[in-house]
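First residue of the sequence shown? That's 656 in my numbering, and the numbers climb one at a time after it.
Structure, as structure tokens:
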Amino acid sequence: MSLAHNLPHLPLFASEDFVGKSDAGFYGDVIEEIDWSVGQVLETLKKNNLDENTLVVFTSDNGPWLVFGEHGGSAGLLHDGKGTTFEGGMRVPGIFWWPGKIDPAVIHATGSTLDIMPSVAALTGGGMPEDREIDGVDLAPVLFDGEKGEKRAIFYYRRHELFAVRYGDYKAHFITEYSYRKDDAYTVHGTPLLYNVMVDPGEKYNVADKYPDIIAEIWAVAEAHKKSVKPVTVQFN
Numbered sequence: 656m657s658l659a660h661n662l663p664h665l666p667l668f669a670s671e672d673f674v675g676k677s678d679a680g681f682y683g684d685v686i687e688e689i690d691w692s693v694g695q696v697l698e699t700l701k702k703n704n705l706d707e708n709t710l711v712v713f714t715s716d717n718g719p720w721l722v723f724g725e726h727g728g729s730a731g732l733l734h735d736g737k738g739t740t741f742e743g744g745m746r747v748p749g750i751f752w753w754p755g756k757i758d759p760a761v762i763h764a765t766g767s768t769l770d771i772m773p774s775v776a777a778l779t780g781g782g783m784p785e786d787r788e789i790d791g792v793d794l795a796p797v798l799f800d801g802e803k804g805e806k807r808a809i810f811y812y813r814r815h816e817l818f819a820v821r822y823g824d825y826k827a828h829f830i831t832e833y834s835y836r837k838d839d840a841y842t843v844h845g846t847p848l849l850y851n852v853m854v855d856p857g858e859k860y861n862v863a864d865k866y867p868d869i870i871a872e873i874w875a876v877a878e879a880h881k882k883s884v885k886p887v888t889v890q891f892n
């Protein structure tokens, strides 16, 4: 089952039982109701003795829509929000729940929503398409065996352009553009901005001048990736 809550996307709504329930304002009330809804799903699985045979994944599609202020949500310490390739726009919660199969833990390995399909296919014995390159990976070794996960690249696109690449703990921004605001500035960086997002998830400290070797490594990863992508008609026009 895929359950996609339309909230907390705008326009916000909360049922009568949840209005004023949160200390975080109306947006918090909406989150409280989503939390209750997810709880109803988990309780139903338990009631029907399906919880130990069901993998539940909770995640989101993007960060907060900052132009709407407190009604758009917050990325906390992460930089910026929806529409950008900064962590505040792309980095979202990823919770995997499976009693008896997944031990409670905080995992720092890099993951992506692109990994859900390969992981589910592996768990169910299903096959993967063989007529295309798949960017996602099977997360089973990380989820079930406690492995750290391989060093991998994550590619951050905005529209049809590659804006940034994360490789291991480091993330390089080749192009930056802020979220949907009047002061948007599309900037191509001759020397990419470089952040160690493992220790600096807020992307506050550009360390490009300290690690030219890491920039060169990520640049090579980006170029190899772009060569592997077959051009298609731009879908954004």
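Where a beta carbon is used, it is the ideal one built from N, C-alpha and C, also for glycine.
Taking residue i as the reference, which of the options has the closest Cα?
i, options, result
"P666", "D690, W720, D716", "W720"
"A764", "G780, A808, V775", "A808"
"L662", "M656, E878, K676, Y682", "Y682"
"A827", "T846, R813, H815, T842", "T846"
"F668", "A679, I686, L658", "I686"
"G780", "G857, H880, R787, D793", "D793"
"D816", "F891, A730, G731, G857", "First, the residue type needs correcting, since residue 816 is Glu and not Asp in the sequence shown. For the residues F891, A730, G731, G857, the minimum Cα distance to E816 belongs to F891."
"V820", "K859, K702, E872", "E872"
"F810", "S883, H664, R787, S729", "S883"
Distance, Cα to Cα, residue i vs residue j?
i, j, result
"E698", "W691", "10 Å"
"H726", "Y835", "15 Å"
"G766", "V674", "34 Å"
"D802", "K885", "A small fix is needed here, since residue 802 is Glu in this sequence, not Asp. Approximately 33 Å, taken between the alpha carbons."
"G791", "L769", "5 Å"
"E805", "P773", "15 Å"
"Y833", "V852", "18 Å"
"G736", "L849", "18 Å"
"P754", "I762", "17 Å"
"E742", "H734", "6 Å"
"G728", "Y860", "24 Å"
With DSSP collapsed to three states, give me the class of residue i.
i, result
"I809", "strand"
"W720", "coil"
"W752", "strand"
"V747", "coil"
"K826", "strand"
"N704", "coil"
"Y841", "coil"
"P663", "coil"
"Y850", "strand"
"E742", "helix"
"M656", "coil"
"T699", "helix"
In the DSSP output, which residue or residues are listed as bridge partners for residue i?
i, result
"H880", "Answer is none; H880 lacks a bridge partner."
"V820", "F810, A827"
"T714", "G749"
How would you call residue i, buried or exposed, if buried means at least 16 neighbouring beta carbons within 10 angstroms?
i, result
"M893", "Within the shown structure, residues of the chain are numbered from 656 to 892, placing residue 893 beyond reach of any answer."
"I870", "buried"
"L601", "The chain is shown only over 656 to 892; residue 601 falls outside these bounds and no answer can be derived."
"V797", "buried"
Could you check whether the Cβ of residue i sits closer than 6 Å to any heavy atom belonging to the ligand ZN?
i, result
"V674", "By its list of ligands, the structure shown contains no ligand whatsoever, and the ligand ZN lies outside what it can speak to."
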